[in-house]
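*Asks:* Please find one structure pasted underneath; my questions will follow.
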């Protein structure tokens, strides 16, 4: 049967177009072939067959982009005619066979979009962007991705309270008050949030949902103020105790605003504690001995429990003791009860069901109440001593029960441990702080190191040119102009005036980043340096300032320069020719045959020689020295075994300048010819040892700290760091001492001098980080009449507190330093002024012993060359009680307040010695207490 088709469209134009383009040939009259033609010509189309009566309607949808659009409706009329057809054999062509098979004909065409093309185009774009970006392709892909987090909801910090612990008994909007009290083992405890809990002798921290306020009592000590500042800062940074909306710490100092102040932060503090009337009194400070009595009493109330199976077992070895972090086992769950606070600590390896069981048992223990009737103090109501409050069936609502997960412990929980590591704050700043390149600023212009200075903000390069240099020596209050050959030759007991004329040329940079050939030539400038020798008398120093005013006709700036602290710009004026001789100018010893100099400076133009005492002990294995034979003119240039390459180059340049210019101050014989001979540690000549005054043929290297035998893997390419530890501002702080001629790009072997330590106001403390060891240097008590700042009374007590803070800081510094470098922490040692061991002295370019200072520290019970590990000293300071015989030794044990020796006795020993209890003793008048101390030998 032959089928005839009549095509109709909605418009005549499309009918003609379609008929002309799709006119079938004589042999292609079937519908299947016509549909195939439609698919091949029209591209991606979908033909939907719809039957309506006797007509078959084909709807053609053409593909546009990612979708289809209906173009026209093609109507096909089908007429059937019975025609005689011959039977044909199946075609052997596989393509025709597939076309003729009706089961292979699909009613519609479906496009499968895998997105491969789009991803490939995106990848090519990212690779193109990565060629001009410092970011990796993966990073660019992450930045280009778009994620919708609208359906994700996170827990609010207001709900969790921060600090990494749950608060089962806390309420929204709770108010917390913490008391910071103590001297030796500082205690931070949660107390009742009422104004009656506040006194003038301690520090307090108030935490509300919107504010964190630090109250500093008028009579609080230095360590209480420092610790309260640290705790308050950590609470704000961690958003602990529900303080999510507190942005900073507000400080209320009682000695500045007073107790009756009701405005600003002070008003918010007292209002939150229920004090609405300024006339309501605040408790006064307790007696001086109260802090240490409180420490021992509150520590005895600590209880520790450990989960064992389905019940809690007491850890009796830790009850009533000072807690240390070594008891925290990652595999265990422990409960700590501090009266007003209870924590369920969970190790990171403890299973979840064990943690839940421990929390349930801790809640049962919490609901039992408390009983401190046998303790000297009630940690829940510390200021109330009534018997009815020493125990209770239920803890107050303001107390705290919360969990503490390992590495996520709350701030208050960490404060209960004596050795809890502090990974933030002061010590972190000490480790991460980097010193900048020194810069001399004169008349608003930056001179850098005196050669050039680049301003990265304005992209300008300033080149400094020296036009002239004049030097005057002050002798008998008269100025004497020195010859050109003597410029740069100074003496340690004199003062000098240096007039420096210079010019600054300002240039920019071209488009390629190179210095521009066009520059702006500046005016002539003048500067007057006043150089003071280390032993220059004060009268000469004052006279030099007056003479500088007379010489200054240009009205240039005046800069005072102290020996050992010369800025690089000052050293660069003399281009490596500067030498500092011992004594005064003109005072020479004709019998002198040898002189020894140590080379200082990290660049050749900044090199200078410093005369030191001629002996074997003056050698330094990380430096270079110059030994001059004044009779023969031989210059021995000695290099230490661990001296660096740039140190040797600077020393060679200094020796060459000495030979070339031959200053008369060197006092070399006129007929002698200067010749430089290099010497290396371990291979010195006999003449070299004779020049050092060593008579033996074999060198005695025990007289100095020789590093020749140290293993090669030990690093010596570092610069030591010096920190001044002090609390004179009211807070304990560590100020880094910046070396005057430092060069951050190169290590400096000996950046500090002895005057940095001995020139500070005494007594004081310095920490020296020498990479391999960390030293804590303690000064001495000046031998002055008894005042508030001498070795009696509160002055010595303040030093003991400051010394304790310094030792804790040094130990934590060593721990964090080892953690950063992934190695064992360096050892820390305590040394005393005048009694320094050889290992400490060798860290400075020169050292002069002080017998007066040594005798003052020997009277304090210290020994020459004593080297005490700080860890051992801290262990001794942990003791809170001593026997009667130990307290009667003079000087008393370290860390003990000599004005209250009886407070360190146990209760039984105190009763036996004084014949009364401690409370009765401290209720007596001061004169009666002093009399009893004298009678018992504790005064």
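Numbering (full-length UniProt numbering), first residue to last: 1 to 939. No residue lacks a Cβ here, since even glycine has one placed at the ideal position from N, Cα and C.
Just to confirm the assignment, what range does the beta strand (DSSP E) spanning residue 475 have?
*Replies:* Taking the first residue of the chain shown as position 1, residue 475 is located at position 475. Note, residue 475: beta strand (DSSP E), 460-475.
*Asks:* Can you tell which of 477, 776, 236, 249 has its C-alpha closest to the C-alpha of residue 214?
*Replies:* Within the chain shown, the letter at position 214 stands for residue 214. Closest by alpha carbon: 249.
*Asks:* Give, in chain order, every unbroken run of the beta strand (DSSP E) that is at least 3 residues long and sits entirely within the region 622-692.
*Replies:* DSSP runs (the beta strand (DSSP E)) wholly in the region 622-692: 624-629, 634-639, 675-680.
*Asks:* Express the C-alpha separation of residue 525 and residue 225 in angstroms, rounding to a whole number.
*Replies:* By 1-based counting over the chain shown, the position of residue 225 is 225. By 1-based counting over the chain shown, the position of residue 525 is 525. Spanning the two alpha carbons is a distance of roughly 49 Å.
*Asks:* Quick one: what does DSSP say residue 870 is sitting in, helix, strand or coil?
*Replies:* As a working note, residue 870 is residue 870 in the chain shown. The answer is helix: DSSP assigns residue 870 an H, G or I state.
*Asks:* When you compare only the Cα positions, how much space is there between residue 162 and residue 858?
*Replies:* Taking the first residue of the chain shown as position 1, residue 162 is located at position 162. Taking the first residue of the chain shown as position 1, residue 858 is located at position 858. The predicted model places residue 162 with a pLDDT of 47, which falls under 50 and marks its position as unreliable; any figure quoted below should be read in that light. Cα to Cα, the separation comes out at about 52 Å.
*Asks:* Compute the distance between the beta-carbons of residue 535 and residue 493, then report whether it is under 8 Å.
*Replies:* Position 535 of the chain shown, counted from the first residue, corresponds to residue 535. Position 493 of the chain shown, counted from the first residue, corresponds to residue 493. A contact, by the Cβ cut-off of 8 Å.
*Asks:* Measuring only the C-alpha atoms, how far is residue 947 from residue 768?
*Replies:* No information on residue 947 is available, as it lies outside the stretch 1 to 939 that the chain covers here.
*Asks:* Looking at C-alpha atoms only, which residue of 205, 489, 892, 824 is the closest neighbour of residue 667?
*Replies:* For the purposes of this step, residue 667 is identified with residue 667 of the chain shown, where counting begins at 1. It is 489 whose Cα lies nearest to the Cα of residue 667.
*Asks:* When the Cβ atoms of the region 697-709 are set against those of the region 837-850, are three or more pairs found closer than 8 Å?
*Replies:* Short answer: they touch.
*Asks:* Starting from the N-terminal side, write out each stretch of the beta strand (DSSP E) that is 3 residues or longer and does not extend beyond the region 709-746.
*Replies:* You should have 721-726, 733-737.
*Asks:* With distances taken Cα to Cα, identify the nearest neighbour of residue 233 among 568, 582, 206, 833.
*Replies:* Within the chain shown, the letter at position 233 stands for residue 233. Of the listed residues, the one whose Cα sits closest to residue 233 is 206.
*Asks:* Around the Cβ of residue 803, are there at least 16 other Cβ atoms within 10 angstroms (buried) or fewer (exposed)?
*Replies:* Working through the chain shown from its first residue, we reach residue 803 at position 803. The residue is buried, with at least 16 neighbouring Cβ atoms inside 10 Å.
*Asks:* Would you call residue 27 buried or exposed, if buried means 16 or more other Cβ atoms sit within 10 Å of its Cβ?
*Replies:* As a first step, residue 27 must be located in the chain shown, where it is residue number 27. With a pLDDT of 44 at residue 27, under the threshold of 50, the predicted position of this residue should be treated as unreliable, though the coordinate-derived value follows. Residue 27 comes out exposed.
*Asks:* In whole angstroms, give me the CA-to-CA distance for residue 294 and residue 443.
*Replies:* For the purposes of this step, residue 294 is taken as residue 294 along the chain shown, with counting starting at 1. For the purposes of this step, residue 443 is taken as residue 443 along the chain shown, with counting starting at 1. Between residue 294 and residue 443, the C-alpha separation is close to 57 Å.
*Asks:* Quick check on DSSP: helix, strand or coil for residue 935?
*Replies:* Residue mapping note: residue 935 aligns to position 935 of the chain shown, counting from 1. The answer is helix: DSSP assigns residue 935 an H, G or I state.
*Asks:* Scan the region 754-826 and note each continuous beta strand (DSSP E) run of 3 residues or more that stays entirely inside, going in chain order.
*Replies:* Listed in chain order, they are 765-769, 774-778.
*Asks:* Using 8 Å for Cβ pairs, my map puts residue 564 next to residue 254. What's the rounded Cβ distance?
*Replies:* One-based indexing of the chain shown puts residue 564 at position 564. One-based indexing of the chain shown puts residue 254 at position 254. Their Cβ separation, rounded to whole angstroms, is 43 Å, which puts residue 564 and residue 254 out of contact at 8 Å.
*Asks:* Mark residue 708 as exposed unless 16 or more other C-beta atoms lie within 10 angstroms of its C-beta, in which case mark it buried.
*Replies:* Counting from 1 along the chain shown, the entry for residue 708 is found at position 708. Exposed, by the Cβ-count rule.
*Asks:* Could you check the C-alpha separation between residue 238 and residue 245 for me, to the nearest Å?
*Replies:* Here residue 238 refers to the residue found at position 238 when the chain shown is read from its first residue. Here residue 245 refers to the residue found at position 245 when the chain shown is read from its first residue. When rounded, the distance between both Cα atoms is 11 Å.
*Asks:* Who are residue 176's beta bridge partners in DSSP?
*Replies:* One-based indexing of the chain shown puts residue 176 at position 176. Residue 176 pairs with 207.
*Asks:* CB-CB under 8 Å to residue 257, same chain, minus the five flanking residues each way: which ones, in chain order?
*Replies:* For this step, residue 257 is matched to residue 257 along the chain shown. Taken in chain order, the residues that qualify are 266.
*Asks:* Measure the C-alpha to C-alpha separation of residue 423 and residue 750 and round it to an integer number of angstroms.
*Replies:* Position 423 of the chain shown, counted from the start, is the residue given in the question as residue 423. Position 750 of the chain shown, counted from the start, is the residue given in the question as residue 750. In this predicted model, residue 423 has a pLDDT of only 46, less than 50, meaning its place in the structure is not dependable; the value taken from the coordinates is given anyway. Rounded to whole angstroms, residue 423 to residue 750 spans 30 Å at the Cα level.
*Asks:* Measuring CB to CB, does residue 222 end up less than 8 Å from residue 180?
*Replies:* Mapped onto the chain shown, residue 222 falls at position 222. Mapped onto the chain shown, residue 180 falls at position 180. Contact: no.
*Asks:* Which residue from 845, 587, 865 puts its Cα closest to that of residue 854?
*Replies:* One-based indexing of the chain shown puts residue 854 at position 854. The candidate whose alpha carbon is nearest that of residue 854 is 865.
*Asks:* Note the first and the last residue of the continuous beta strand (DSSP E) segment covering residue 341.
*Replies:* Counted from its first residue, the chain shown places residue 341 at position 341. Segment 341-346, the beta strand (DSSP E) holding residue 341.
*Asks:* For residue 182, collect the residues of the same chain with a Cβ closer than 6 Å to its Cβ; drop the 5 residues on either side in sequence, then sort them by chain order.
*Replies:* The sequence position of residue 182 within the chain shown is 182, counting from 1. The answer, listed in chain order, is 291, 295.
*Asks:* Please state whether DSSP places residue 832 in a helix, a strand or coil.
*Replies:* As a first step, residue 832 is located in the chain shown; it is residue number 832 there, counting from the start. Residue state, collapsed to three classes: strand.
*Asks:* Residue 770 and residue 843 look like a contact to me (Cβ under 8 Å); what is the Cβ gap, rounded to whole Å?
*Replies:* Within the chain shown, residue 770 is the residue found at index 770, counting from 1. Within the chain shown, residue 843 is the residue found at index 843, counting from 1. Confirmed, Cβ separation roughly 6 Å.
*Asks:* What residue range is occupied by the uninterrupted beta strand (DSSP E) comprising residue 544?
*Replies:* Working through the chain shown from its first residue, we reach residue 544 at position 544. Segment 538-551 is the alpha helix (DSSP H) holding residue 544; no beta strand (DSSP E) there.
*Asks:* Do you know how far the Cα of residue 302 is from the Cα of residue 962?
*Replies:* The structure shown does not extend to residue 962, since the chain is modelled only from 1 to 939, so the question has no answer here.
*Asks:* Using a Cβ-Cβ cut-off of 6 Å (strictly less than) and excluding sequence neighbours within five positions of residue 721, which residues of its own chain qualify?
*Replies:* On the chain shown, position 721 is the one that residue 721 refers to. If we look at residue 721 and ignore the five residues flanking it on each side, its Cβ neighbours are 769.
*Asks:* Please state whether DSSP places residue 948 in a helix, a strand or coil.
*Replies:* Nothing about residue 948 can be read from this structure; the chain reaches only from 1 to 939.
*Asks:* Along the beta strand (DSSP E) that carries residue 188, what are the first and last residues, could you check?
*Replies:* Taking the first residue of the chain shown as position 1, residue 188 is located at position 188. Its beta strand (DSSP E) spans residues 187-191.
*Asks:* Measure the beta-carbon distance from residue 390 to residue 373 and round it to whole angstroms, keeping in mind my assumption that it falls under 8 Å.
*Replies:* Indexing the chain shown from 1 puts residue 390 at position 390. Indexing the chain shown from 1 puts residue 373 at position 373. Right, their Cβ atoms sit about 4 Å apart.
*Asks:* Mind checking residue 800: buried by the 16 CB within 10 Å criterion, or exposed?
*Replies:* For the purposes of this step, residue 800 is identified with residue 800 of the chain shown, where counting begins at 1. The residue is buried, with at least 16 neighbouring Cβ atoms inside 10 Å.
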